[in-house]
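Numbering-wise, the sequence shown is residues 146 to 657 according to our numbering.
Glycine residues also receive a C-beta, built at the ideal position from the N, C-alpha and C atoms.
Keep in mind it's a predicted model, so treat the numbers as computed, not measured.
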Amino acid sequence: MSSRLLIWKKEVDMFRKLQKINLLHQLRLDTFKKQTVYIILIGIFIGANFLLSTLPLRLDLSSGAAYTLSPSSKKIITKLDNSVDIKLYVSSDLPTRLVPIKTNVVDLLNEYKRASNGKINIKILDPKKDATAQQEAKDAGIPELQFSQLEQDKYAVTSSYFGIAASYGNKKEVLPQVTDIESLEYNLTAAIYKMTHKELAKVGIMGKEEAIIPQQEDLGTLKQILAQQFEINYIAEASAGAQIDTANKVVMLFDNNNKAYSEDEIQVLKNYIAKNGNLIVFSDGEWVMDDLTTAPATHNLENLLSAYGIKLHNDLVLSSSAEMVNFGNQIVSYLSPYPFWLKTNNFNEKMSYFSNITQLTYPWVSALSLTKKDGIETKEVVKSTQSSWEQKNTFILNPQEIPQPKSQDLQEFLITAEAKQKNGGSLLVIPSSRFVNDRYLSRGSGNIEFVLNALNNFGSDGALSGIRQRAVSFYPIPDLPEQLKDIFKYANILLLPLLLAVYGGIRLMKRK
Numbered sequence: 146m147s148s149r150l151l152i153w154k155k156e157v158d159m160f161r162k163l164q165k166i167n168l169l170h171q172l173r174l175d176t177f178k179k180q181t182v183y184i185i186l187i188g189i190f191i192g193a194n195f196l197l198s199t200l201p202l203r204l205d206l207s208s209g210a211a212y213t214l215s216p217s218s219k220k221i222i223t224k225l226d227n228s229v230d231i232k233l234y235v236s237s238d239l240p241t242r243l244v245p246i247k248t249n250v251v252d253l254l255n256e257y258k259r260a261s262n263g264k265i266n267i268k269i270l271d272p273k274k275d276a277t278a279q280q281e282a283k284d285a286g287i288p289e290l291q292f293s294q295l296e297q298d299k300y301a302v303t304s305s306y307f308g309i310a311a312s313y314g315n316k317k318e319v320l321p322q323v324t325d326i327e328s329l330e331y332n333l334t335a336a337i338y339k340m341t342h343k344e345l346a347k348v349g350i351m352g353k354e355e356a357i358i359p360q361q362e363d364l365g366t367l368k369q370i371l372a373q374q375f376e377i378n379y380i381a382e383a384s385a386g387a388q389i390d391t392a393n394k395v396v397m398l399f400d401n402n403n404k405a406y407s408e409d410e411i412q413v414l415k416n417y418i419a420k421n422g423n424l425i426v427f428s429d430g431e432w433v434m435d436d437l438t439t440a441p442a443t444h445n446l447e448n449l450l451s452a453y454g455i456k457l458h459n460d461l462v463l464s465s466s467a468e469m470v471n472f473g474n475q476i477v478s479y480l481s482p483y484p485f486w487l488k489t490n491n492f493n494e495k496m497s498y499f500s501n502i503t504q505l506t507y508p509w510v511s512a513l514s515l516t517k518k519d520g521i522e523t524k525e526v527v528k529s530t531q532s533s534w535e536q537k538n539t540f541i542l543n544p545q546e547i548p549q550p551k552s553q554d555l556q557e558f559l560i561t562a563e564a565k566q567k568n569g570g571s572l573l574v575i576p577s578s579r580f581v582n583d584r585y586l587s588r589g590s591g592n593i594e595f596v597l598n599a600l601n602n603f604g605s606d607g608a609l610s611g612i613r614q615r616a617v618s619f620y621p622i623p624d625l626p627e628q629l630k631d632i633f634k635y636a637n638i639l640l641l642p643l644l645l646a647v648y649g650g651i652r653l654m655k656r657k
């Protein structure tokens, strides 16, 4: 029995050893299979990544698709007849703060290249390392820019190139400085548009004849931007018997409180609209003097506007959603919201004017109202916020004396409207003559962009309308009642401590 038991034990031990060997073999086999699977998966991932990198596929999850070419840009560059050469002259020793901007600029240029079906060629050159590129940059008018930066607790001044030169045949356009990534797409697409069109659309300006004199210039910013796409003409007057040249696809008429338009002149404007002309009117219902006194508007344009179903009121609209204005002097600044410079984001979203605009600012604006007219289609374009009221008959503009409104006086007011004549042109009314004057432009407003979008729609069949900013500076706080603002404020202050207190109390009770 003992010898059999010994043999049995040996067989059991041998069986266990074989089991261990089989188990180790199985483990090694499983490990090998897993490693093989991992290698295959890694290979598939690398291969797929390589294949996808050659395809123009991008996923832009930013608000408003800020990092994707706008449809307007794509439409222009996909219709190019010949190649456009774009050269980015940029130094490799850019200040650190500009390196991310350089990356964004290069990404944007690559978007143009991908979307152009081979019609746009991109070159990136360093003028500091390439003498030929340096001479090209100088010949193109791209300057060597001076930048200051903090290095080792000291301010250092460096010089770098950061500009773009574009050419189409024998036509050339230059963007001397491209550090403003927000407006780069518009500027570059406008340059391509200008080079690839034989004739620029014409825009007429009335009521600003004094703008020809440099020292009296007050439309400098608007003119600078318009010159990239339009040919600007100054129309002295719409005299009786004369006609406005319909080659001017759009005419902008500015009220300067120095001219009263006669019935004959108003008829000339009506004839222009009837011949598919487009008129943008900047006029006041009540004129505001520099000393913050008022006078009745003398332009006599009410007869023109009423013919198209738009009534201009002799009032001034105020709002608690107001622009900050400096009421100090050169020595002391005193910033305070000024209700007569109202801000609004109450737009007609069905219209294409607001694709890249978050806010508009109206300095001293009057209200409008609409009436039905045969053969005329009217539209509300912009309204003030709900926290707005009006002054009429008696006007108090001094910021320290403005009476507070009653709750029943608060309401929306129509402050921009459009009328379209059947088989004719359009009339856009902005009841603030200072809407795009340099002196009154707000840093955060989209006034210039709004007018530019309107001009694009009227003057170039929407060729550049809707080109987005590449980044968003800020989003205005929605207009909320004061009571709701207080709820949000105290909820933010008290909610988190309250939650922590409740959690601590529950833990303490569990311990007991």
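DSSP lists no beta-bridge partner residue for Lys-343. As the crow flies, the alpha-carbon of Asp-429 is around 14 Å from that of Met-397. In the three-state reduction of the DSSP assignment, Tyr-648 falls in the helix class. For Ala-419, the three-state secondary structure derived from DSSP is helix.
The three-state reading of DSSP puts Glu-318 in strand, counting E and B together.
Asn-471 and Ser-305 have their alpha carbons spaced roughly 36 Å apart.
In the structure shown, Met-434 falls within a coil segment according to DSSP collapsed to helix, strand and coil. For Phe-399, the number of other beta carbons within 10 angstroms of its own is at least 16, and it is reported as buried.
Judged by beta-carbon spacing, Lys-528 lies beyond the 8 Å limit of Gln-504, meaning their Cβ atoms are not closer than that value. Boundaries of the beta strand (DSSP E) around Gly-308: 307-313.
Excluding sequence positions up to five before and after Ala-467, its CB lies within less than 7 Å of the CB of Pro-482, Tyr-483, Pro-484, Trp-486, Leu-487 and Lys-488, all in the same chain and listed in chain order. In the same chain as Lys-567, and ignoring 5 residues on each side of it, the C-beta atoms closer than 6 Å to its own belong to Gly-520, in chain order.
Lys-488 carries a strand assignment under DSSP once its states are collapsed to helix, strand and coil.
For Arg-579, the number of other beta carbons within 10 angstroms of its own is at least 16, and it is reported as buried. Nearest Cα to Ile-269 within the set Leu-233, Ala-276 and Pro-240: Leu-233. For Pro-550, the CB contacts under 8 Å within the same chain, skipping 5 residues up- and downstream, are Leu-463 and Trp-534 in chain order.
With fewer than 16 neighbouring CB atoms inside 10 Å of its own CB, Asn-421 falls in the exposed class. DSSP, reduced to helix, strand and coil, places Gln-374 outside both helices and strands of the structure shown, so it counts as coil.
Residue burial annotation: Ile-632 is exposed, with fewer than 16 other C-beta atoms found within 10 angstroms of its C-beta. The count of Cβ pairs closer than 8 Å, one atom from the segment 222-238 and one from the segment 180-187, stays below three, leaving the stretches out of contact.
Setting aside the 5 residues that flank it on each side, Ile-418 is surrounded in the same chain by Leu-424, Gln-566, Gly-569, Gly-570 and Leu-572, each with a C-beta closer than 7 Å to its C-beta; the list follows chain order. Apart from the 5 residues on each side of it in sequence, Asn-249 sits with its Cβ closer than 6 Å to the Cβ of Ile-326 in its chain, given in chain order.
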